[in-house]
Amino acid sequence: MTSRAALPPEPSVPLRELLAFDDGGSLRLLLAPSGRDVGVRGVAVGDEGPARSLDGCLVLVTGAPATSPEAAVPVRDAARRGASGVVLRAVDGVAAAPQVLAAAEEAGV
Numbered sequence: 359m360t361s362r363a364a365l366p367p368e369p370s371v372p373l374r375e376l377l378a379f380d381d382g383g384s385l386r387l388l389l390a391p392s393g394r395d396v397g398v399r400g401v402a403v404g405d406e407g408p409a410r411s412l413d414g415c416l417v418l419v420t421g422a423p424a425t426s427p428e429a430a431v432p433v434r435d436a437a438r439r440g441a442s443g444v445v446l447r448a449v450d451g452v453a454a455a456p457q458v459l460a461a462a463e464e465a466g467v
């Protein structure tokens, strides 16, 4: 009988540490349903196609800003594909759309 040793987990950086590097204040955390210590293993930009796994990635969404209800679609898609978190473009002085916040909370990203 042969047993396999468990593979070590892929290295990751807590979201908290990534946010700490934002000296310019360009990132603002709106919601962290999985907590600030969720592990991030990589970054994906835009829609890289359904074949690419987003497991553990922080996804930088292109297209609709957080103020647009349509931005809920890429948030749900990224979560379904395993993303740790999603970054959306903000519009100064305008709050994120409730649909987008609800999608992020429901999906855990």
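Residue numbers for the sequence shown follow our numbering, beginning at 359 and rising by one.
We put the beta carbon where it would ideally sit given N, CA and C, even for glycine.
Rounded C-alpha distance that separates residue i from residue j
{"i": "L412", "j": "G404", "result": "11 angstroms"}
{"i": "G421", "j": "D435", "result": "14 angstroms"}
{"i": "R439", "j": "E406", "result": "11 angstroms"}
Integer-rounded CB distance, given that residue j should sit under 8 angstroms from residue i
{"i": "L416", "j": "V401", "result": "5 angstroms"}
{"i": "E473", "j": "L389", "result": "This structure cannot settle anything about residue 473, because the visible part of the chain is limited to 359 through 467."}
Secondary structure of residue i, DSSP reduced to three states
{"i": "P432", "result": "helix"}
{"i": "V401", "result": "strand"}
{"i": "V445", "result": "strand"}
{"i": "L418", "result": "strand"}
Contact under 8 angstroms by Cβ, residue i with residue j
{"i": "A429", "j": "V458", "result": "yes"}
{"i": "V445", "j": "P432", "result": "no"}
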